[in-house]
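Chains as they are written, first to last, in the UniProt record's numbering: chain A, 1 to 603; chain B, 1 to 603.
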């Protein structure tokens, strides 16, 4: 029957177990370009002197420095040209008193010469050369072995190899480099409800998300992801797949099916066939995380919720993989941020709080919380990382400094918008080159996000009184555009598909139909789809949505959308670019820009 | 004959030409995991509602919310269990008044139920369940289509795909994604003096560096590097290779052979066989940069010096490749920094100043200049990026804010050391997990680097008077260790191999042999090698170097090395870890730690 997690391990204990489960490092040799981003496993010693000979650093003339003393623009020293030296060839000339040899960059300094005069400071008739600059011995000469001496350590074990270390390795003669092998990471998915993308969904089924987001995270962390066929909830099939993965890979990850219910096959497989090291962590999300071994291979069972799976991966697994690949923490995966508006959390256990990032007008990074347990996959793309909140903390104050553990690739967007989201905005945002994040929260929540210092701009359909009541006082309001709205389906029907409270369309609908029965959808598209599938009789949406669906439309009026810009973000590059994009946007069918629209729409 | 660059283009003009040469974007479909880091070329619309049904967010019991009103820990509501619903299967039960159905996370909500009570708040005997919490309609339920409605745009064209967008794409049913293809970038190397690593060097030859550092940079920027066989300086061979690359690739890069000397074949090939668009930029380094086309394919000829090649790549080519791959600027490739100590530069043209990064005690990023035209490949691994200095600027003040264009993968090291570098330090640094950069500048330059706010710590063999004379006053001096030094080769010989001025060993040598003839080497290893090759009679080095070379050694005394720590960096994590590493280091043969050694060596 159901098993509960009465004894939860602390996150510190779980971290220790994760540390013990870190796969062993192994070493492989790879070619130079393939070594990019990898960690050097052994010292690289120079097999040759670099350079192997005294080398010219310029195109010019090899001379005896003393012959140029006193030379200048006005009084050049005239030397006899005795020949020339090319790069890559042993010199066939010697330079004697009052003589010079033409020399190319990289060519060996000929016997007798001790300096090079750059060509720009000379003039020649072919037989003699006028030198217009005095040089000192060793000028523009790189001595043999002065870069790296043969036998010297050029690169230390443990170095992360960028293009620059690869260049140095080439210089000292390495054709391949010994690097830590990428750990092979088996990714196993489970759950009868999951179907891989591309497959048809049966009733009650959804597409498998974690296999792909986890596999991509594995590769971000320097691992090689090996994705296994989906196995459902069958115990024997799961044992077979997990054993196959354990024998192929350095570590195996699963997601989902880790709760202590009798259907959750993953932890039973580890408990019965392998070694269950830990099940249940005082962590939210991540309580059902499983640590163990199967046939000696480390195993971690991640939770099934996509954002929880990535959060637990970030906290426990990412470091294991980076360590196995020979690297350390990647400091670019952490970022200090100030909390945009206060956060209250339930205490008593560690919380992994998903947050989004935004930069304020001064360039300070702010973090705001996203996804309060909604379970939505769209939250995935709104979170930039997590804040690890101690069990003793219930409250994080606005402005408090927190450390964000970033998800791979996350940076604050150039523009963070909130509020309404419609075809007009889309046509503006499409022209935008920078990275934009838009939270389709509806007008009220959008205005609040802006008021709370989260959003740079908001698209709202609210009266000034409503804004005042929300306490939005540090914003510039720009008259925007109007959108034609109305009904898809039967406006005389009984049940209406509508947006949630706080959306401009919902306010209008409620004014017009105060007594109607409604069903709430997160998007206009969802509401309109529900007409087609018969779940509702009519949906109250924008004309553009109806046009896009090729559905009949009964207009009911215009919904007016204005743009709010946070006072202190007016000069932010992303905001300036957004306002320019709005000005350049053409109104799609179903929209109009009124004559009184403010700068920047009719600037 | 030689051609000079009398008419240099401005960097702005060069940037416009680079912009025009940006390869066309093309689109390809890739699988989900392979889409990581790529840029989405088309909008992705949901092919299904996500979720496709009303879905439980918890393990627990599906109930009619109204049946739980008033329930609590003290007074549970007792409901009849009428069956159970698993994830992935259509429900076979209906929930009526005072009834409940066991339900798993992700399972469809059965007919009649409108909320889920989490299992933790229930107790069951199999027939009935006690519910200890009141729930509201919709609690722990995710409604069909509420995440993404079928037909809605889930991901916008232009989005950079991280693991999170990949997860969302999976959720909406995408099996593959349309992304911009990586531009194919031909990398051609030229110059008779270059030999690929692995090949034997003839007289006057060196290993080819740029092919590998440029190819790795191409891949960093999202391109696919195609490396062609080395072709030397032969015109016809170069034409053949360049035509092959032009026909295979979206853009071709070369390095070296771009100066206006008659041996520089690359620009002649473009001038005679293709279309030379620009040759000569008012830029240092990068003056001989070539832009053009061959058979219609864009071409850029980079300078031959390795750090110059990467600098010009960073300024002109990186953006072209990122643009062709569909992405924008990567903001993580820029970093604001304050100049550590004043920089004076020659004005009149744009300078690309190679800089290293370090963090001060407060976490502020500082930039200091590296590689003043030394031509050394080791400089490659000491530069983190470049500062683009306007032609009108001659002077950058200490503390001035500059924007550093980073080379891929560059971050400030955890510890920046300078001064002496020897076997004892190596044995300490080996234990160090963090990223360390050590500038082997010798004692005097090391102390100056520390004084100037660049180095966190310095290893020095200098008297307190010498330090005072250098103006090093904000540092803690820790008594370190002694190193046995002496002669390899014939101490009675005529010519001695020595380190440059300012190194502890050189000071000692000069005291003992004030009148000797010397030849200067950058490293002890280099000096000792020169004994073996007969270039000098003897070298003055540490005993450990002699032991490593298995060379005879005539001891001459002990060189004393102390550690300086910059006052304001004492609490920096990297410094604390370094001092711990020093304390834990075992002295190699040829070293001793005296009894009077200070904390931390004998703490």
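For every residue, glycine included, the Cβ atom is placed at its ideal position computed from N, Cα and C.
Predicted, not measured: the structure shown is a model, and the values here were computed from it.
Listed by chain order, chain A residues near residue i by CB distance under 7 Å
i	result
residue 212 of chain B	32, 33, 166, 167, 170
residue 377 of chain B	50, 147, 167, 168, 171
residue 408 of chain B	162, 163
residue 394 of chain B	Those do not exist, as residue 394 of chain B stays about 20 Å from chain A at its closest Cβ, beyond 7 Å.
Residue nearest to residue i in terms of C-alpha spacing, selected from the options
i	options	result
residue 187 of chain B	B/155, B/225, B/11, B/153	B/225
residue 300 of chain A	A/601, A/20, A/587	A/20
residue 136 of chain B	B/59, B/150, B/113	B/113
residue 582 of chain B	B/598, B/171, B/572, B/589	B/598
residue 380 of chain A	B/168, B/83, B/109	B/168
residue 533 of chain A	B/531, B/56, B/165, B/150	B/150
residue 358 of chain B	B/385, B/268, B/480	B/385
residue 156 of chain A	B/438, B/465, B/591	B/438
residue 40 of chain A	A/139, A/74, A/153	A/153
residue 361 of chain A	A/389, A/412, A/145	A/412
residue 285 of chain A	A/388, A/221, A/228, A/246	A/388
residue 138 of chain B	B/266, B/343, B/432, B/61	B/61
9 Å Cβ cut-off: residues of chain A touching residue i
i	result
residue 509 of chain B	Neighbours of residue 509 of chain B on chain A: none; closest Cβ ~18 Å, over 9 Å.
According to DSSP, residues forming a beta bridge with residue i
i	result
residue 540 of chain A	A/487
residue 60 of chain A	A/103, A/118
residue 291 of chain B	B/278, B/300
residue 31 of chain A	A/176
residue 45 of chain B	B/153
residue 482 of chain B	B/560, B/592
residue 207 of chain A	A/195
residue 475 of chain B	B/566
residue 224 of chain B	B/184
residue 495 of chain A	A/517
Test item: CB-CB of residue i and residue j under 8 Å
i	j	result
residue 543 of chain B	residue 489 of chain B	no
residue 419 of chain B	residue 453 of chain B	no
residue 63 of chain B	residue 95 of chain B	yes
residue 33 of chain A	residue 318 of chain B	no
residue 620 of chain B	residue 565 of chain B	Because chain B spans 1 through 603 in this model, residue 620 of chain B falls outside it and cannot be assessed.
residue 378 of chain B	residue 337 of chain B	no
residue 397 of chain B	residue 345 of chain B	no
residue 348 of chain A	residue 304 of chain A	no
residue 140 of chain A	residue 116 of chain A	yes
residue 277 of chain B	residue 291 of chain B	yes
residue 455 of chain A	residue 417 of chain A	yes
8 Å Cβ cut-off: residues of chain A touching residue i
i	result
residue 206 of chain B	50, 51, 52, 55, 106, 171
residue 152 of chain B	523, 525, 526
residue 37 of chain B	409
residue 442 of chain B	Within 8 Å Cβ-Cβ: nothing; residue 442 of chain B doesn't reach chain A, min ~14 Å.
residue 310 of chain B	163, 164, 167
Proximal residues of chain B, C-beta to C-beta of residue i below 8 Å
i	result
residue 192 of chain A	86, 87, 88, 89
residue 332 of chain A	332, 411
residue 580 of chain A	Under the 8 Å cutoff, chain B gives no residues; its nearest Cβ is about 16 Å from residue 580 of chain A.
residue 306 of chain A	167, 171
Closer than 7 Å at the beta carbon, the chain B residues around residue i
i	result
residue 381 of chain A	164, 165, 168
residue 215 of chain A	33
Under 9 Å from the C-beta of residue i: neighbouring residues of chain B
i	result
residue 497 of chain A	Here the premise fails: no neighbours, minimum Cβ distance about 10 Å.
residue 198 of chain A	173, 174, 175, 176
residue 220 of chain A	36, 37, 162, 163
Neighbour flag for residue i against chain D, beta carbons, 8 Å
i	result
residue 76 of chain B	Judged by its chain identifiers, the structure shown contains no chain D, and its protein chains are A and B.
- Inside the stretch 540 to 602 of chain B only - alpha helix (DSSP H) runs reaching at least 4 residues: 543 to 549, 573 to 584
- Task: Let me know the beta strand (DSSP E) ranges lying completely inside the stretch 123 to 193 of chain A, each 3 residues or longer, listed in chain order.
- Result: 128 to 131, 153 to 155, 176 to 180, 184 to 189
- Message: In chain order, what are the residue ranges of uninterrupted beta strand (DSSP E) at least 3 long that sit wholly in the stretch 320 to 394 of chain A?
- Response: 334 to 339, 350 to 359, 365 to 369, 385 to 389
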